Ligand code: DX5
Ligand code: ZN
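In our numbering, the protein residues as written are 41 to 273.
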């Protein structure tokens with residue numbers, strides 16, 4: 041499946057946190073379609089990151105959508121704060137309670153809603169919610185940390201979800217998150233993903249434009265120019 045352009049969502053988890061504003065600006069200029077923001081609570085996952093105040097501080101540095109991935113339990117009490125801070129789409133985990141209510145809250149507040157699915161969770165867990173969400177985020181590592189290796193075992197899940205979305209003819213983005221490199225991106229796209237979340241692969245060196253273009257080219261060698269010319273630094 042590659043009948044539409046792949047979107048690249050750099051994860052700022054791998055950015056230099058001492059200058060997040062400049063990092064967000066740099067990846068936007070490098071051609072990011074979305075900015076992926078990982079929120080962790082040290083409880084749902086074994087790591088702590090940032091809250092709404094930091095999202096708000098980053099917001100003026102980019103005009104592309106902020107794609108906020110909540111790895112927090114509970115998520116519901118914080119939805120409004122992340123939207124006020126500038127989130128355009130909010131993804132919560134299907135493993136949490138109150139999934140339906142959380143999606144409804146995000147949609148009622150006028151934003152896009154996503155559901156993330158951890159490696160051990162079966163794809164069918166998402167089926168009851170498909171007609172209410174805008175985005176699926178398939179975790180291709182255990183959530184919590186950047187720099188882990190892509191789990192090939194998740195490719196079948198991506199395939200099943202793409203088939204289901206197509207069968208139901210739903211306008212849902214299918215994103216992958218974790219261990220994405222130009223090589224693993226190719227496998228994920230072949231399986232049906234159309235959004236690539238990547239931390240290490242984008243921030244591994246200072247050549248953000250090249251790194252984003254390399255991911256985009258995973259779709260096909262002409263994709264970088266066909267879909268969206270990479271702006272100059
Ligand atoms: C992990 C996060 C990812 C992480 C990906 O829980 O959800 O977004 O930043 O990092 P890489 O691309 O380094 O695997
Ligand atoms: Zn993430």
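Cβ coordinates follow ideal geometry from the N, Cα and C atoms, glycine included. Note that this is a predicted model, so its numbers are computed, not measured.
From what residue to what residue does the beta strand (DSSP E) around residue i run?
i	result
residue 206	That residue, residue 206, is in no beta strand (DSSP E); its alpha helix (DSSP H) goes 195-208.
residue 154	152-157
residue 129	129-133
residue 50	47-50
residue 215	213-217
residue 237	235-238
Report the option in the options whose CA atom is closest to the CA atom of residue i.
i	options	result
residue 54	184, 114, 144 and 130	184
residue 190	137, 237, 56 and 62	237
residue 164	153, 202, 192 and 186	202
residue 129	193, 78, 219 and 239	78
residue 150	134, 120, 167 and 140	120
residue 93	102, 72, 142 and 118	118
residue 248	45, 66, 62 and 59	66
residue 167	186, 159, 182 and 140	140
residue 87	51, 111 and 131	111
residue 188	97, 198, 218 and 208	218
residue 85	68, 186 and 99	186
residue 113	98, 131, 97 and 196	131
residue 90	45, 134 and 51	51
residue 134	192, 179, 242 and 64	179
residue 46	72, 81 and 246	72
residue 80	198, 243, 182 and 241	182
residue 277	59, 64, 244 and 97	Here the chain covers residues 41 to 273 and nothing more, so residue 277 does not appear.
residue 200	224, 220 and 230	230
Would residue i pass as a contact of residue j if the rule is Cβ separation under 8 Å?
i	j	result
residue 109	residue 177	yes
residue 170	residue 212	yes
residue 83	residue 49	no
residue 104	residue 74	yes
residue 70	residue 252	yes
residue 153	residue 173	yes
residue 101	residue 126	no
residue 194	residue 137	no
residue 226	residue 258	yes
residue 115	residue 142	yes
residue 214	residue 232	yes
residue 241	residue 198	no
Quick check on the DSSP output: the alpha helix (DSSP H) that includes residue i runs from which residue to which?
i	result
residue 255	248-256
residue 94	92-98
residue 64	60-69
residue 115	Where residue 115 is concerned, there is no enclosing alpha helix (DSSP H), given that its DSSP letter is neither H nor E.
residue 148	139-148
residue 72	From DSSP, residue 72 is part of no alpha helix (DSSP H); its letter is neither H nor E.
If you measure from the CB of residue i, is any heavy atom of the ligand DX5 nearer than 7 Å?
i	result
residue 139	no
residue 241	yes
residue 53	yes
residue 220	yes
residue 206	no
residue 129	no
residue 188	yes
residue 185	yes
residue 178	no
residue 235	no
residue 98	no
residue 191	no
residue 181	yes
Counting only C-beta atoms, is residue i closer than 8 Å to chain D at any point?
i	result
residue 49	Among the protein chains of the structure shown there is no chain D, as only one such chain exists.
(request) When you get a sec, list the residues whose CB is within less than 6 Å of any heavy atom of the ligand ATP, chain order please. (result) Absence of the ligand ATP is noted for the structure shown, with the ligand DX5 and the ligand ZN being the only ligands found.
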